[in-house]
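Undergrad: Supplied in structure tokens, the structure appears directly below.
Protein chains in written order, with UniProt numbering: chain A, 1 to 95; chain B, 1 to 95.
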């Protein structure tokens with residue numbers, strides 16, 4: 001049976017909640033990484049690591065999104081994650 | 001035991017693969033929705049629906065990402081999804 005617009009939208013809603021949960025789980029891990037980097041005194045931004053992650057996206061993409069479209073989205077996720085580390089660092093500096 | 005940078009990065013890699021899979025699954029559903037809208041002759045961009053989805057993000061966000069940061073990411077996902085429908089429409093028009 002063909003799914004209705006309503007059915008498809010319910011599936012999107014479910015996926016969006018999963019995406020939300022995964023993104024926040026990613027954020028938590030990134031905060032942990034930020035603390036380690038802080039302690040080590042190393043730079044938060046790591047272009048080599050970012051490039052590796054973008055390669056993983058390219059290698060594992062089965063569509064329908066194009067690899068450039070997905071890499072663009074992941075770059076936004078990396079940027080938001082880096083901003084999260086900056087907020088955490090600021091908190092540390094304020095106390 | 002505290003996790004090492006290596007352990008944390010492995011967890012990020014796993015999450016990124018899950019994100020990739022979920023995004024493409026979302027893309028497939030969005031393409032289905034695009035076909036229905038095409039058949040109905042309705043507009044692909046639906047600002048009311050988009051606003052509803054952003055409210056869902058706000059309501060269900062448990063952090064550490066801020067709601068504006070997540071809403072920004074989701075807007076990028078919506079935009080990429082809309083672009084995907086446009087590509088599909090173009091394909092239909094070309095055959």
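Don't be surprised by glycine CBs; every beta carbon is placed ideally from N, CA and C.
1) Considering only C-alpha positions, which residue in the set 40/B, 49/B, 46/B and 33/B is nearest to residue 5/A?
2) Chain B beta carbons: is any one of them nearer than 8 Å to that of residue 18/A?
3) Can you grab the Cα-Cα spacing for the pair residue 15/A / residue 29/B, in whole Å?
4) Specify the secondary structure class of residue 65/A as computed by DSSP and reduced to three states.
5) Along the stretch 32-57 of chain B, what residues have a CB closer than 7 Å to any CB found in chain A?
6) Taking the alpha helix (DSSP H) that residue 60/A belongs to, which residues open and close that run?
7) Interface residues of chain A around residue 64/B at Cβ under 7 Å?
8) For residue 46/B, which of 18/B, 2/B and 82/B has the nearest alpha-carbon?
9) Kindly indicate which three-state DSSP category residue 41/B falls into: helix, strand or coil?
10) With a cut-off of 8 Å on the beta carbons, I'd call residue 19/A and residue 22/B a contact; round off their distance for me.
11) Counting only the same chain and skipping the five closest in sequence on each side, list residues whose C-beta sits under 7 Å from that of residue 27/A.
12) Mind pulling the chain B residues with CB within less than 8 Å of residue 76/A?
13) Would you say residue 6/A reaches chain B, if we count a Cβ-Cβ gap shorter than 8 Å as a contact?
14) Please classify residue 21/A: does DSSP put it in a helix, a strand, or coil?
TA: With the structure as the only source:
1) The option with the nearest alpha carbon to residue 5/A is 33/B.
2) yes
3) 10 Å
4) coil
5) 32, 33, 36, 53, 56 and 57
6) 47-60
7) Identification of chain A residues near residue 64/B by a Cβ-Cβ cut-off of 7 Å yields 24, 27, 28, 31 and 84, ordered along the chain.
8) 82/B
9) coil
10) So it is a contact: roughly 6 Å between Cβ atoms.
11) 81 and 84
12) 72, 73 and 76
13) no
14) helix
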